[in-house]
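*Asks:*
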């Protein structure tokens, strides 16, 4: 058993899970939704095993480090955190249809990583040889994943809300009746961001602590740092708008989608289009 | 103060207290910050300047785009955010403080109607026993109640974590503390850079703003080395450093190993491994084109030498094995740049093992001299980032406060329970500052327990 085989199993499981959720949404069959979540759990388990195995494999190669060091490993970890946050949400709320809007993000990550990125285990360059790497990456990606879930829920909100406004026809309403009520979607969006925002804050702080420890500057307006601050501002605006100006519903959903777009740019766009200190994206 | 002035101050105050301003500032800061991630900051590289027109360059420069995070308009927005944050906190804090310090102890019918969770039932308990029971029930199941008598009824008030309402102000305070820390750093600290060749020591450095700074002690580089993985990727950049005071090594700071991610700190000044290079000497012989008047020339990597014919030369690059670049040649070689007295510049390669090639080259290009490479002596220099930042602990204090504040603001909730007891009639009500769904469950559990606790029959 190798980690690479297990990662392929994971990718396949996420594909099956997503298709089951789609079928669940279309057919309203409860069993399909249950199937979807079990396959997602199985995929999460396989991926957890694969990440642990890759960690061990790196030690066997004599370059031991946590598998969080390059673009491939970060995309895989991102996908893992998305399914993890979604699973926790499902354990609590059991709205299976949300899977149809969240699993595609996880599948997209795994498929891109497995097919499009260099999967080799590389030794750590001196700049990354620090325990701060693990703390920084874990907190950032758990935050990103919560924002991904919030974005998926917000898309559902906008679909459902526009449907409710236009008045339903019988055929469509069957799919729409699978969606949680918009009040619940709005609340879930807020809850996911309430998980993501503190984690992103911790991610920025651990990043600053690391930068200070390694370079003597906790903040240098590097494009990655600046974009993480932009993301932080957007969600801070979301929270202030919600707490004090009562921005709920559509406006909150749009802010959440914009926030996630900024998050993705912070994670990938900065590496692909801009230059800076986090240059792992260039080393494909 | 005239009415007009007062009106002006009032509207200024309202302006800074407004949440619209907060939203405007947060969103503007987000959008404006993007500029600095696209336009390179600091001295723009020539490749970038080639892509924009001269007019654009002048406009960008005038607007401060090349150092936008320190431009007056960006700093102004940050100041406005700070003032906005302080004003909003000052405006709202007294109200929140009153909720905490002077809780409403009595649930009248107005309050009762406003509560999302409420229930009432009859009980046959005797008033004295009931009062005792309600009191001990709240203390056991929720928190210790305050009991008051008003308008012929007994009122019980109990609450949990009221101070978590202050969390959001802790977050606001933390932002200000971080700003203060950053200011202390920029006023009393500095960032600089220094190169030290192996065996040499320095006691002054150049700060980034161009100031010459006396460290108050000396730092010697004993050795610098690079280790590689099998794949050729760098594994470790290592400097061995010694701190000297009055020329004497400090015992605990002798032969300290400094690598990336593991700096050296002495007297509040920290040295970070940042770059390296060759500071070694290159040896040449120089002769006239006919081979006469041969003299040795020693040349450091970052200096240039004047040759007998008046031309100057410096080394650009060196290799120990030229066959990597030119397959049928062997031995060491250097690339040098030669400036003739007439102003011509010649870039050429000088070989150690192929003197005839060096002569041919000189002939073909009609140089005034013939160069022969005699090898080099390896000596590395280490490049260290130097930083002194007395404000950094203030920044960490701010960060810690922010984490605590965010935890309190998002994950804790101020929960309140009121009970009114009047003529055998018990009314219970409650609310929470956050997460009403979870509190609803908690309230229902309390209600059930309370009913089971009291005998409802006559």
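Protein chains in written order, with this note's numbering: chain A, 1 to 284; chain B, 1 to 458.
Even glycine gets a Cβ: it sits at the ideal position worked out from N, Cα and C.
Which residues in the same chain as residue 487(B) place their Cβ atom closer than 6 Å to its Cβ, once the five residues preceding and following it in sequence are excluded?
*Replies:* The displayed coordinates of chain B run from 1 to 458. Any statement about residue 487(B) would go beyond what the structure contains.
*Asks:* Contact check, residue 29(B) vs residue 81(B) under 8 Å by CB: the rounded distance?
*Replies:* Yes, they are in contact, since the Cβ atoms of residue 29(B) and residue 81(B) sit about 7 Å apart, within 8 Å.
*Asks:* Taking Cβ to Cβ, would you say residue 143(B) is nearer than 7 Å to residue 119(B)?
*Replies:* No, the Cβ-Cβ distance between residue 143(B) and residue 119(B) is not below 7 Å.
*Asks:* Do you know offhand how far residue 269(B)'s Cα is from residue 384(B)'s?
*Replies:* Using only the alpha carbons, I get a separation of about 12 Å.
*Asks:* By a C-beta neighbour count over all protein chains shown, 10 Å radius and 16 as the cutoff for buried, is residue 388(B) buried or exposed?
*Replies:* Residue 388(B) comes out buried.
*Asks:* If the cut is a Cβ gap below 8 Å, which residues of chain B does residue 216(A) touch?
*Replies:* Near residue 216(A) (Cβ distances below 8 Å), the residues of chain B are 191, 263, 270, 272, 385, 386, 387 and 389.
*Asks:* What does residue 407(B) reach in chain A if we use C-beta pairs closer than 8 Å?
*Replies:* Here the neighbours are 198.
*Asks:* By the criterion of Cβ-Cβ separation under 7 Å, what are the contact partners of residue 194(A) in chain B?
*Replies:* Result: 410.
*Asks:* Give the DSSP-derived three-state secondary structure of residue 316(B) in the structure shown.
*Replies:* In this structure, residue 316(B) counts as strand in the three-state DSSP scheme.
*Asks:* Would residue 154(A) count as contacting chain B if we go by Cβ distances under 7 Å?
*Replies:* It does not: the Cβ of residue 154(A) has no partner Cβ on chain B nearer than 7 Å.
*Asks:* Could you give the residue range of the beta strand (DSSP E) that holds residue 156(B)?
*Replies:* Unbroken beta strand (DSSP E) run through residue 156(B): 153-160.
*Asks:* For residue 104(B), is the classification buried or exposed, using 16 other Cβ atoms within 10 angstroms of its Cβ as the cut-off for buried?
*Replies:* Flag for residue 104(B) reads exposed.
*Asks:* Return the residue from the list 341(B), 297(B), 319(B) and 403(B) that minimises the CA-CA distance to residue 331(B).
*Replies:* Residue 331(B) has its Cα closest to that of 319(B), out of 341(B), 297(B), 319(B) and 403(B).
*Asks:* Could you name the residues of chain B that residue 240(A) contacts, counting a contact when the two beta carbons are closer than 9 Å?
*Replies:* What residue 240(A) touches in chain B: 19, 22, 23 and 26.
*Asks:* Relative to chain A, which residues along the stretch 440-453 of chain B have a C-beta separation below 7 Å, given in chain order?
*Replies:* Those residues of the stretch 440-453 of chain B that come within reach of chain A (Cβ to Cβ, closer than 7 Å) do not exist; the list is empty.
*Asks:* Do you know offhand how far residue 68(B)'s Cα is from residue 352(B)'s?
*Replies:* Looking at the two C-alpha atoms, the distance is approximately 50 Å.
*Asks:* Pick out whichever of 121(B), 222(B) and 350(B) has its Cα sitting closest to the Cα of residue 381(B).
*Replies:* With distances taken between Cα atoms, residue 381(B) lies closest to 222(B).
*Asks:* Assign residue 273(A) to one of two classes, buried (16 or more other C-beta atoms within 10 Å of its C-beta) or exposed (fewer than that).
*Replies:* Residue 273(A) should be labelled exposed.
*Asks:* Taking only three categories from DSSP, how would you classify residue 403(B)?
*Replies:* Helix, per DSSP.
*Asks:* When you compare each of 203(A), 216(A) and 95(A) to residue 33(A) by their alpha carbons, which one comes out closest?
*Replies:* The residue with the shortest Cα to Cα distance from residue 33(A) is 95(A).
*Asks:* By Cβ distance below 7 Å, which residues in the same chain neighbour residue 134(A) in space, the five residues on each side in sequence not counted?
*Replies:* Hits under 7 Å: 66 and 68.
*Asks:* So with Cβ pairs under 7 Å, would you call residue 260(B) a contact of chain A?
*Replies:* Yes, its Cβ sits closer than 7 Å to a Cβ of chain A.
*Asks:* At what residues does the alpha helix (DSSP H) containing residue 146(B) begin and finish?
*Replies:* Per DSSP, residue 146(B) belongs to no alpha helix (DSSP H); it is in the beta strand (DSSP E), 146-150.
*Asks:* Classify residue 125(B) as buried or exposed, calling it buried when 16 or more other Cβ atoms lie within 10 Å of its own Cβ.
*Replies:* Result: buried.
*Asks:* For residue 225(A), is the classification buried or exposed, using 16 other Cβ atoms within 10 angstroms of its Cβ as the cut-off for buried?
*Replies:* Buried, because 16 or more other Cβ atoms sit within 10 Å of the Cβ of residue 225(A).
*Asks:* Please list, in chain order, the chain B residues whose beta carbon lies closer than 9 Å to that of residue 230(A).
*Replies:* What residue 230(A) touches in chain B: 29, 30, 31, 33, 34 and 37.
*Asks:* What are the boundary residues of the alpha helix (DSSP H) that residue 223(A) is part of?
*Replies:* Run containing residue 223(A): 223-245, per the alpha helix (DSSP H) assignment.
*Asks:* Considering only their Cβ atoms, is the gap separating residue 184(B) from residue 429(B) smaller than 7 Å?
*Replies:* For residue 429(B) and residue 184(B), no; Cβs fall outside 7 Å.
*Asks:* Can you give, in chain order, each stretch of the alpha helix (DSSP H) that sits fully within the stretch 372-433 of chain B and has at least 4 residues?
*Replies:* Entirely contained in the stretch 372-433 of chain B, the alpha helix (DSSP H) runs reaching 4 residues are, in chain order, 392-411.
*Asks:* Sort 180(A), 26(A), 101(A) and 74(A) by Cα distance to residue 344(A) and report the nearest one.
*Replies:* Here chain A has residues from 1 to 284 only, and residue 344(A) is not among them.
*Asks:* Quick check for students: name the residue ranges of the beta strand (DSSP E) that lie wholly in the stretch 202-262 of chain B, counting only runs of 3 or more.
*Replies:* Within the stretch 202-262 of chain B, the complete beta strand (DSSP E) runs of at least 3 residues are 212-228, 234-245 and 256-259.
*Asks:* Quick check on DSSP: helix, strand or coil for residue 285(A)?
*Replies:* An answer regarding residue 285(A) cannot be provided, because it is not within the stretch 1 to 284 covered by chain A.
*Asks:* Between residue 123(A) and chain B, is there a C-beta pair that is closer than 7 Å?
*Replies:* So, interface residue.
*Asks:* Using a cut-off of 7 Å between C-beta atoms, extract the partners of residue 183(A) located in chain B.
*Replies:* Going along chain B, no residue has its Cβ under 7 Å from residue 183(A), so there is no contact; the nearest lies around 11 Å.
*Asks:* Quick one: residues in its chain with C-beta nearer than 6 Å to the C-beta of residue 87(B), no 5 flanking neighbours on either side, listed in chain order?
*Replies:* So the qualifying residues of the chain are 16 and 17.
*Asks:* Taking CB distances under 7 Å as the criterion, tell me whether residue 88(A) reaches chain B.
*Replies:* With 7 Å as the cut-off, residue 88(A) does not count as an interface residue toward chain B.
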